[in-house]
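Data first, discussion second: the structure below is written as structure tokens.
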Amino acid sequence: MPSWSEVSTAIAQLALAQTPAELHGALCGWLAGGGDDTPDWLGQVMADATLPQPPCEGVLDHLRAASVDQLDDRGFGFELLLPDADVGLSERSGALFDWCRGFLGGFGLAAGHNPPLSDEGGEALSDIARLAAATPQDDGDDEDEDALAEIEEFVRVATLLIHGDCVLGPRHRQQFN
Numbered sequence: 081m082p083s084w085s086e087v088s089t090a091i092a093q094l095a096l097a098q099t100p101a102e103l104h105g106a107l108c109g110w111l112a113g114g115g116d117d118t119p120d121w122l123g124q125v126m127a128d129a130t131l132p133q134p135p136c137e138g139v140l141d142h143l144r145a146a147s148v149d150q151l152d153d154r155g156f157g158f159e160l161l162l163p164d165a166d167v168g169l170s171e172r173s174g175a176l177f178d179w180c181r182g183f184l185g186g187f188g189l190a191a192g193h194n195p196p197l198s199d200e201g202g203e204a205l206s207d208i209a210r211l212a213a214a215t216p217q218d219d220g221d222d223e224d225e226d227a228l229a230e231i232e233e234f235v236r237v238a239t240l241l242i243h244g245d246c247v248l249g250p251r252h253r254q255q256f257n
């Protein structure tokens, strides 16, 4: 997975308005909703056909490939692209909420109005939507740090659950037919 700063630089070079977290969230939402893993993913995920295709073997192409591999990993190795732990709580929580907003947009574009979500998957998506509407707080204490870590883990697992409902489940059903 490329680093936060590498993705930030690639975004700036393309003059995109998204943060690294929001772009990664949108990509993961797109993939979790059943969107195609294609070289022109950026225009599809951002709903802007005028966006250039990310350079092959470039940072954003690596981000796409790593995200696809992590979502399909049966060892649950999926990670959110968020700032490092040495960044303040406010910036990290803001990035997590950006990630959730991006996820919702990408998921909605790929999955449409009636995604094949289980009850748990529907609840997880609703929880991600609530987080997307949240605003970061000022820097807090160790208890706030622990709470943010728990929320990050929840979003990670919720994303895997939604991906399982919309992509892995239908893929496995097709294999048996």
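At position 123 of the sequence shown the residue is numbered 203 (the working numbering), and the sequence of numbers has no breaks.
C-beta: ideal position from N, C-alpha, C; glycine also.
What you are looking at is a predicted structure, and each value in this text was computed from that prediction instead of being measured.
Asked                                                                                                                                                      : Found
Only counting the same chain, and skipping five residues up and downstream in sequence, which positions put a Cβ closer than 6 Å to that of P134?          : L122, L140, D141
Check whether the Cβ of S83 sits closer than 7 Å to any heavy atom of the ligand PLP, and report yes or no.                                                : No copy of the ligand PLP appears in this structure; indeed no ligand is present at all.
With DSSP run on the structure shown, which of helix, strand or coil describes Q124?                                                                       : helix
W110 and L162 - do their beta-carbons sit closer together than 8 Å?                                                                                        : no
Where T118 and D221 are concerned, what is the direct C-alpha to C-alpha distance, given to the nearest angstrom?                                          : 43 Å
Quick check on the DSSP output: the alpha helix (DSSP H) that includes E159 runs from which residue to which?                                              : It is not in any alpha helix (DSSP H) - E159 carries neither H nor E in the DSSP assignment.
Under a Cβ-count criterion, where at least 16 other Cβ atoms within 10 Å of its own Cβ denotes burial, should D149 be classed as buried or exposed?        : exposed
Closer than 6 Å by C-beta to G115: which residues in its own chain qualify, once you throw out the five before and the five after it? Chain order, please. : A190
Determine the DSSP secondary structure at A213, reduced to helix, strand or coil.                                                                          : coil
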